[in-house]
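The structure appears below as structure tokens.
Protein chains: 2
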Amino acid sequence: MLHYEDFSEGQIFDLGSYYVSAEEIVAFAREFDPQPFHLNEEAGRNSVLGGLAASGWHSCSILMRMMADAYLNRSAGMGSSGLDEVKWLRPVLAGETLSGAMEVLSKRVSSKRPEMGILKCRWQLRNAQGEAKLDQVGVNFIRVRAP
Amino acid sequence: MLHYEDFSEGQIFDLGSYYVSAEEIVAFAREFDPQPFHLNEEAGRNSVLGGLAASGWHSCSILMRMMADAYLNRSAGMGSSGLDEVKWLRPVLAGETLSGAMEVLSKRVSSKRPEMGILKCRWQLRNAQGEAKLDQVGVNFIRVRAP
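Chains as they are written, first to last, in this note's numbering: chain A, 5 to 151; chain B, 5 to 151.
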């Protein structure tokens with residue numbers, strides 16, 4: 005298992021790639037974000053988003069899944085207190101393949117809980133042309149191997 | 005339909021209430037955030053979260069659904085560019101009933117797009133005891149009725 009000691013400032017993790025289907029965009033939107041441009045191709049084309057576009061929360065959830073598969077599921081993770089920013093820079097459209105990356109911006113051990121490390125990270129989703137779609141900065145708590 | 009002109013600074017919207025079941029916590033986690041404390045009651049109890057706890061992205065998605073039902077689905081919404089902060093203040097546990105609220109912090113018309121209004125808002129989820137679970141500050145774009 006990866007622990008706090010295994011992460012270093014400036015380190016970049018490849019989070020792999022993910023194909024976004026029209027079906028899953030609509031399924032997520034029906035459950036959580038039933039706005040027309042997330043539910044219907046034509047409504048999407050006629051909106052500022054320019055096509056059937058994933059809910060921003062769906063994009064965040066996809067990125068979460070990519071994080072889990074790439075490193076969190078083999079890490080001694082302890083959750084998160086939140087994010088300093090979430091930027092939906094460009095719409096995530098049906099049929100796109102996204103790639104993800106994480107950068108460790110800084111790290112420190114909690115002063116109250118010496119068994120808990122705090123990683124400040126940037127996570128991004130980009131399209132095949134390398135354009136950023138989603139940009140997040142926030143924290144991950146992770147267990148210290150040898151407190 | 006509600007337009008930009010129908011929102012005013014300081015206005016507070018009640019977003020209703022939402023019961024969070026263990027089944028939906030596990031279903032969301034299996035798809036998007038398969039960490040042990042989101043998948044399994046015992047793993048949750050043994051974690052810092054203290055019980056089977058919803059993924060933070062699940063909490064955000066629940067709040068999104070409450071927003072859609074309370075006002076967005078009768079608003080001329082144009083999406084969002086993101087959030088300035090997302091704070092997961094306390095774990096959302098299975099069996100809790102949450103209440104939601106939105107406050108309009110400020111409003112202005114886009115300088116580039118006079119047909120688009122920009123609402124800066126705070127959205128919160130609280131438990132039955134009134135403790136804040138999730139706190140978000142971000143923007144909603146909404147059409148101007150008479151640009």
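The C-beta atom is built at its ideal place from N, Cα and C for all residues, glycine as well.
Interface flag for Asn77 of chain B against chain A is set, since a Cβ pair is found closer than 8 Å.
When rounded, the separation of the alpha-carbon atoms in Gly121 of chain A and Glu35 of chain B is 27 Å.
Leaving aside the five residues that flank His42 of chain A on each side, the residues in its chain whose CB is nearer than 6 Å to its CB run, in chain order, Ala33, Ser59.
Here the alpha carbon of Asn144 of chain B sits roughly 45 Å from the alpha carbon of Ala150 of chain A.
Residue environment analysis places Ala57 of chain A among the buried positions, since at least 16 neighbouring C-beta atoms fall within 10 angstroms of its C-beta. Per DSSP, Gly104 of chain B is one residue of the beta strand (DSSP E) stretching across 101–113.
Annotation for Asp73 of chain B: the continuous alpha helix (DSSP H) segment containing it runs 60–74. According to the DSSP secondary-structure assignment, Ile122 of chain B is paired through a beta bridge with B:Arg112, B:Phe145. At a beta-carbon threshold of 9 Å, the residues of chain B lying near Arg69 of chain A are Glu35, Phe36, Asp37, Pro38, ordered along the chain. By the C-beta criterion, the segment 101–115 of chain A is judged not to be in contact with the segment 104–118 of chain B, since fewer than 3 inter-stretch pairs fall below 8 Å.
Under the Cβ criterion of 8 Å, Trp127 of chain B is not counted among the residues facing chain A. Ser84 of chain B reaches chain A at Gly60, Trp92, counting residues in chain order whose Cβ is nearer than 9 Å. A distance of 8 Å or more separates the beta carbons of Lys124 of chain B and Ser85 of chain A. Residue-level contact by beta carbon fails for Asp10 of chain B and chain A, as no gap is shorter than 8 Å. The beta-bridge partner set that DSSP reports for Ala26 of chain A is empty. Burial check for Ile16 of chain A: the Cβ neighbour count within 10 Å stays below 16, so the residue is exposed.
Exposure of Tyr23 of chain B is indicated by the presence of fewer than 16 other C-beta atoms within 10 angstroms of its C-beta.
In this chain, the alpha helix (DSSP H) harbouring Leu43 of chain A covers 40–43.
Put simply, the backbone Cα of Ala72 of chain B is about 42 Å away from that of Glu9 of chain A. DSSP places Gly54 of chain A in the coil class of the three-state scheme, outside both helix and strand.
Per the C-alpha coordinates, the member of B:Asp18, B:Arg78, B:Leu53 positioned closest to Leu93 of chain B is B:Leu53.
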